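> There's a structure below that I have some questions on.
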Amino acid sequence: MLRTLSLLAPLSLVFLTGAFALPPEDISQFPLFTSGKENYHTFRIPSLLVTPKGNLLAICEGRKNNSADHGDIDLVMKRSTDGGLTWSKLSVLIAGGGKTMGNPCPVADKKTGAILLPFCLDNKIVFVMKSSDDGLTWSKPADITRQVMKAGWSWYATGPGVGIQTRSGRLVIPCDSKSGGGKVRESHLIYSDNGGESWQIGGLAAPLCNECQVAELSNGYLHLNIRSYRGNNRRLVAISKDTGETFADPVEDSSLIEPVCQASLIHHEGIKGGLLFANPASLKREKMTVRLSRDDGKTWTGALVLYPGPSAYSSLAALPNGTIYCLYEQGLKGAYETLTLARFHTRLLTQE
Numbered sequence: 160m161l162r163t164l165s166l167l168a169p170l171s172l173v174f175l176t177g178a179f180a181l182p183p184e185d186i187s188q189f190p191l192f193t194s195g196k197e198n199y200h201t202f203r204i205p206s207l208l209v210t211p212k213g214n215l216l217a218i219c220e221g222r223k224n225n226s227a228d229h230g231d232i233d234l235v236m237k238r239s240t241d242g243g244l245t246w247s248k249l250s251v252l253i254a255g256g257g258k259t260m261g262n263p264c265p266v267a268d269k270k271t272g273a274i275l276l277p278f279c280l281d282n283k284i285v286f287v288m289k290s291s292d293d294g295l296t297w298s299k300p301a302d303i304t305r306q307v308m309k310a311g312w313s314w315y316a317t318g319p320g321v322g323i324q325t326r327s328g329r330l331v332i333p334c335d336s337k338s339g340g341g342k343v344r345e346s347h348l349i350y351s352d353n354g355g356e357s358w359q360i361g362g363l364a365a366p367l368c369n370e371c372q373v374a375e376l377s378n379g380y381l382h383l384n385i386r387s388y389r390g391n392n393r394r395l396v397a398i399s400k401d402t403g404e405t406f407a408d409p410v411e412d413s414s415l416i417e418p419v420c421q422a423s424l425i426h427h428e429g430i431k432g433g434l435l436f437a438n439p440a441s442l443k444r445e446k447m448t449v450r451l452s453r454d455d456g457k458t459w460t461g462a463l464v465l466y467p468g469p470s471a472y473s474s475l476a477a478l479p480n481g482t483i484y485c486l487y488e489q490g491l492k493g494a495y496e497t498l499t500l501a502r503f504h505t506r507l508l509t510q511e
C-alpha cells in the first residue's frame, strides 16, 4: 500500500506548538536546516544518528558560498535530547577553511558508548573523529587514509548516511571510490573490530556502483544497498555472508526505482526481518518515499510518500518505541532548499 501525506498541516502544527504533538497515525515535518540561513548558502548530505544514550545527532555539510559539491564546506551538527522535539543551535564540527569537509557517516559503538564520525577531505583524505560524551565534544580528526584507500583510487567517499555495528561488535562504514580517471566506480565497506582504533578494507561491489548504505539481516548477512550507474534506474543489492569481508555480485531490485541518487537503509529492531528504505522513488529527484520490508529486503510491502515534490538525499533513524525519523533534502523549486525532519510511527507503514 502506498500512502501520501500532506506536508502543510503538520508543518503548521509544529510551528504553533513547538513540539511533535500529533497522534500516532499522523506525521510531523519541519525544516531542521534551511539553505541561506545560519551563515551557509546551502545545507546538503544529511546524516541522522541515534546515539547510545538515545539522543539524536543531525550532521550535514554546510556549504558556504554555493551549492556545489566542492568548495568551502564545513561539517555541522544539531543535537536533540528529547526525541527530536527541540534541537540545539548549529555547531561546527570541522571547518573546511576553504576546502571540502564532506560525506559524514557516523556510527555508534554500543559496547563502549563512543560515536565515531568518518568523513573526507576533498574526497581524497579520510578522517575519523570520536566523541565519548554522546556528541557533545569531539576528538581531533585522525587520518586513516592509508588504512582504507587502495592504490589507484583517485576519489573516495564515506557514506554518506550512517554506519552500523553488527551483532558481533564490528563497526562497518559503507564507502565508494573512483579510479581509472573516474570511469571505474566501486562500492565497498571499511570496518573496525577494535572500536575504531584501526580500520580495514572489506568487500567490494562492482561495477558501476556508487554511494551505498548497509544493514545487518536477521541471519547475520549484510545487505549493501547501492546507487547504480547501470542505466536501468533501479537500486543494486549486494549480500555479504561473512560480515563484510566479501560480497556477491550486485543484483537489481526491480521494486526500488531510483533517479540515480543516494538512498537510506536501516534495520528496524522492532520488526523481525525489518528493513527501512528511503529514497526519491521516481525517475527524477522527487517523491521522497519510505518503504518497509519484513523479510530482510526480499519484498517491500509498506510505502509512505513523505513529500511528492523535489527531494534527494536522506538519512533514516528509528527508536525502540517505533518512532521513525527521516532527515531529507527537499524544496519547492529544487531539492536543496531545506533538510527537513520527518517524524512518524511505524504503524503508518504496517497499516493495510
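When you read off a place in the sequence shown, starting at 1, and then add 159, the result is the number in my numbering. For glycine and all other residues, C-beta sits at the position ideal for the given N, C-alpha and C. As the structure is a prediction and not an experimental result, all values here were calculated from the model.
(1) Taking the alpha carbon of serine 452 as the point to measure from, which residue in Ala471, Pro439, Ile430 has its own alpha carbon closest?
(2) Can you name, in chain order, every residue of its own chain whose Cβ lies under 8 Å from the Cβ of glutamate 428, other than the five neighbours on each side?
(3) When the distance is taken between beta carbons, is aspartate 335 closer than 8 Å to asparagine 369?
(4) Going straight from the alpha carbon of valine 321 to that of isoleucine 332, what length do you get?
(5) When you compare each of Lys258, Cys371, Leu367, Leu215 to leucine 244 by their alpha carbons, which one comes out closest?
(6) Spell out the partners DSSP gives glycine 390 in its beta bridges.
(7) Looking at proline 277: is its Cβ nearer than 8 Å to the Cβ of leucine 208?
(8) Is the distance from the Cβ of isoleucine 442 to the Cβ of proline 418 below 8 Å?
(9) Any idea if valine 251 is buried or exposed, counting beta-carbon neighbours within 10 angstroms, 16 or more meaning buried?
(10) Relative to the alpha-carbon of serine 414, which residue among Tyr388, Ala407, Ala462, Ser399 has its alpha-carbon at the smallest distance?
(11) Going by C-alpha to C-alpha distance, which of Lys492, Arg506, Lys196 sits closest to proline 467?
(12) Between the stretch 394–401 and the stretch 290–303, do at least 3 Cβ pairs fall closer than 8 Å?
(13) Between the Cα of arginine 506 and those of Leu498, Ile483, Lys223, spot the shortest distance and give me the residue it belongs to.
(14) Between which two residues does the beta strand (DSSP E) carrying arginine 222 extend?
(15) With a threshold of 6 Å on Cβ separation, who are the neighbours of isoleucine 303 within its own chain once the five nearest residues in sequence on each side are excluded?
(16) Given alanine 168, which residues of its chain have a CB within under 7 Å of its CB, disregarding the five upstream and five downstream residues?
(17) Using the Cα positions of cysteine 219 and alanine 422, report the straight-line distance between them to the nearest angstrom.
(18) Looking at the secondary structure, which residues open and close the beta strand (DSSP E) in which arginine 344 lies?
(19) Alpha carbon to alpha carbon, what distance is there between glycine 490 and lysine 446?
(20) Use the C-beta contact count for glutamate 356: other C-beta atoms within 10 angstroms, 16 or more gives buried, fewer gives exposed.
(21) Which partner residues of phenylalanine 192 appear in the DSSP bridge assignment?
(22) My parser needs the alpha helix (DSSP H) runs of 4 or more residues fully inside the stretch 236–312; what are they?
Walking through what the data contain:
(1) Translated into positions along the sequence shown, residue 452 becomes position 293. For the residues Ala471, Pro439, Ile430, the minimum Cα distance to serine 452 belongs to Ile430.
(2) Here residue 428 refers to the residue found at position 269 of the sequence shown. Ala477, Pro479, listed in sequence order.
(3) Stepping through the sequence shown from its first residue, residue 369 is reached at position 210. Stepping through the sequence shown from its first residue, residue 335 is reached at position 176. In contact: asparagine 369 and aspartate 335 (Cβ atoms closer than 8 Å).
(4) One-based indexing of the sequence shown puts residue 321 at position 162. One-based indexing of the sequence shown puts residue 332 at position 173. Using only the alpha carbons, I get a separation of about 7 Å.
(5) The count along the sequence shown starts at 1 and reaches residue 244 at position 85. Considering only alpha carbons, the answer is Leu215.
(6) Reading the sequence shown from its first residue, position 231 is the one you call residue 390. Glycine 390 is not bridged to any residue.
(7) The sequence position of residue 277 within the sequence shown is 118, counting from 1. The sequence position of residue 208 within the sequence shown is 49, counting from 1. For proline 277 and leucine 208, no; Cβs fall outside 8 Å.
(8) Residue 442 sits at position 283 when you count from the first residue of the sequence shown. Residue 418 sits at position 259 when you count from the first residue of the sequence shown. With the sequence shown as reference, residue 442 is identified as leucine, and isoleucine is not the correct amino acid for it. Cβ atoms of leucine 442 and proline 418: closer than 8 Å.
(9) Along the sequence shown, read from residue 1 onward, the residue named residue 251 stands at position 92. Classification of valine 251: exposed, given that the 10 Å Cβ count is below 16.
(10) The residue labelled residue 414 in the question sits at position 255 within the sequence shown. Minimum Cα distance to serine 414 is reached at Ala462.
(11) Locating residue 467 in the sequence shown gives position 308, counting from the first residue. Here the closest residue by C-alpha is Lys492.
(12) no
(13) Sequence index remark: in the sequence shown, residue 506 carries index 347 (1-based). Closest by alpha carbon: Ile483.
(14) On the sequence shown, position 63 is the one that residue 222 refers to. Segment 215–222, the beta strand (DSSP E) holding arginine 222.
(15) Along the sequence shown, one-based indexing puts residue 303 at 144. Answer for isoleucine 303: Val285, Val287, Trp358, listed in chain order.
(16) The sequence position of residue 168 within the sequence shown is 9, counting from 1. Because alanine 168 carries a pLDDT of 34, less than 50, the predicted location of this residue cannot be relied on, and the following value inherits that uncertainty. Same-chain partners within the cutoff: there are none.
(17) Mapped onto the sequence shown, residue 219 falls at position 60. Mapped onto the sequence shown, residue 422 falls at position 263. Taking the straight line joining both Cα atoms gives about 15 Å.
(18) Translated into positions along the sequence shown, residue 344 becomes position 185. That run of the beta strand (DSSP E) goes 343–351.
(19) What you label residue 446 is simply residue 287 of the sequence shown in a count that begins at 1. What you label residue 490 is simply residue 331 of the sequence shown in a count that begins at 1. Whole-angstrom Cα-Cα distance: 11 Å.
(20) The residue given as residue 356 occupies position 197 in the sequence shown. Exposed.
(21) What you label residue 192 is simply residue 33 of the sequence shown in a count that begins at 1. DSSP lists Leu498 as partners of phenylalanine 192.
(22) 304–307
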